[in-house]
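In this note's numbering, the protein residues as written are 72 to 203.
Just so it is clear, CB atoms sit at the ideal spot from N, CA and C, and this is done for glycine as well.
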């Protein structure tokens, strides 16, 4: 059980917020510097954001990254799953198997309630609600 996010998710959040405040396309090197990363790593971080249409990317001398300006429409859960993968894999938190309601582990019910509350909070909190 892991209840922490990676640096990629932190950088993605910062990149979205930085791009949202920009009035022009931001070069990869400039974006990397503003969030404390490298151009190569920021390209990897921004790729899932581009894939989801949250960021526009254009190559060339006049290119760079630009936000689509919809941070209110992107939930923290959306961002986490874009960067970390699915949050509900069905894995049991106690033993190495799928956790099934018909064969529950000792923590199945409280964990299900806690997970539901966490997912509800993350899905109703937008990127624009978060201060980085």
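May I ask which residues mark the beginning and end of the beta strand (DSSP E) holding residue i?
i: residue 129; result: 126 to 129
Work out the CA separation of residue j and residue i for me, nearest whole Å.
i: residue 77; j: residue 131; result: 30 Å
i: residue 170; j: residue 190; result: 18 Å
i: residue 174; j: residue 99; result: 49 Å
i: residue 101; j: residue 167; result: 43 Å
i: residue 108; j: residue 177; result: 42 Å
i: residue 116; j: residue 155; result: 11 Å
i: residue 87; j: residue 142; result: 8 Å
i: residue 104; j: residue 110; result: 8 Å
i: residue 153; j: residue 123; result: 8 Å
i: residue 139; j: residue 181; result: 39 Å
i: residue 85; j: residue 187; result: 26 Å
I believe residue i touches residue j by the beta-carbon criterion, under 8 Å. Please report the beta-carbon distance rounded to the nearest angstrom.
i: residue 83; j: residue 120; result: 6 Å
i: residue 147; j: residue 201; result: 7 Å
i: residue 150; j: residue 195; result: With a Cβ gap of about 13 Å, residue 150 and residue 195 do not count as contacting.
i: residue 32; j: residue 129; result: In the structure as shown, the chain starts at 72 and stops at 203, and residue 32 therefore has no counterpart that could be examined.
By alpha-carbon positions, which one of the options ends up nearest to residue i?
i: residue 159; options: 115, 127, 185 and 101; result: 185
i: residue 214; options: 90, 182 and 183; result: A query on residue 214 cannot be resolved here, the shown segment of the chain reaching from 72 to 203 and no further.
i: residue 164; options: 183, 152, 122 and 157; result: 183
i: residue 127; options: 137, 118 and 133; result: 137
i: residue 161; options: 144, 179 and 145; result: 179
i: residue 145; options: 197, 85, 74 and 92; result: 197
Taking the alpha helix (DSSP H) that residue i belongs to, which residues open and close that run?
i: residue 42; result: The shown model of the chain, from 72 to 203, leaves out residue 42, and the question about it has no answer.
i: residue 91; result: 78 to 92
i: residue 191; result: 179 to 195
Would you say the beta carbon of residue i comes nearer than 7 Å to a heavy atom of the ligand HEM?
i: residue 149; result: In the structure on display, the ligand HEM does not appear, and there are no ligands present to speak of.
Which residue spans inside the stretch 107 to 150 form an unbroken beta strand (DSSP E) run of at least 3?
Runs of the beta strand (DSSP E) inside the stretch 107 to 150: 126 to 129 and 135 to 138.
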